[in-house]
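Worksheet for the structure shown next.
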Amino acid sequence: MKLLEERIRKDGIVRPGNVLKVDSFINHQMDIALFEEMAKEWKRLFAGKPINKILTIEASGIGIAAIAAREFGVPVIFAKKSKSINLDNDNYCTRIQSYTHGKVYDVIMSKKFLNSEDHVLIIDDFLANGCALLGLMDLVEHAGATVEGIGIAIEKGFQRGGDIIREKGIQLESLAIVDAMNEDGTIVFREQ
């Protein structure tokens with residue numbers, strides 16, 4: 006998606022350790038107009054799929070997933086990285102290692118929001134090693150639901166996550182795939 010690539014070139018910051026900082030428009034301050042265009046593109050890419058739920062993980066994916074859910078006309082569910090006192094005890098649970106935070110999270114989601122009748126589109130801001138997506142796919146599998154596809158804002162194509170997901174036969178639509186981030190701050194995108 007050229008609009009997203011242009012925004013990453015303009016406002017993205019390359020940091021050591023293959024970190025792409027996009028907090029001015031995606032995951033701290035959110036550009037809702039950009040999110041709306043991203044949602045429209047996912048709606049086009051997943052046309053014909055019987056999607057009735059969108060799933061993401063807290064926190065950075067929530068804003069994007071909420072706008073996508075509005076475009077699809079379906080609810081959005083987000084998996085939580087910690088249990089709170091207002092969460093029921095009947096939950097699906099999985100473990101996810103965060104590339105960004107370097108931590109392992111016990112991720113939970115209430116069973117009342119996902120079941121075998123559901124057809125899920127997973128939405129997230131980044132795809133690097135694929136751990137978060139594999140964990141979300143695990144939650145969907147526990148529920149007996151179906152993953153209809155995965156929509157990612159930015160995929161780090163030089164890391165293995167995208168290959169792992171595609172090898173599973175899941176339709177993965179990344180709106181921008183970064184093939185390289187150079188020390189001088191330039192970003193190389195994959196032609197799509």
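Just so you know, we're using the numbering used here here: the sequence shown kicks off at 6 and counts up by one.
Heads up, the beta-carbon is just placed ideally off N, CA and C, and yes, glycines get one too.
Residue pairing by DSSP places F194 opposite V183 in a beta bridge. A straight line joining the alpha-carbon of E10 with that of P21 spans about 20 Å. CA-to-CA, the gap between E146 and R171 works out to about 17 Å.
Per DSSP, reduced to three states, the secondary structure at D143 is helical. Proximity to A181 across G174, N187 and A158 peaks at A158, based on C-alpha coordinates. Assignment of beta strand (DSSP E) within the segment 94–182, counting only whole runs of 3 or more residues, yields 96–103, 108–115, 124–132 and 151–161 in chain order. Taking the Cα positions, L139 is about 19 Å away from F118.
Look at K26 here: in three-state DSSP terms it is strand.
Taking the C-beta atoms as reference points, I56 is found nearer than 8 Å to H124. Comparing alpha carbon positions, the residue from I31, V24, G17 and G78 closest to K45 is G78.
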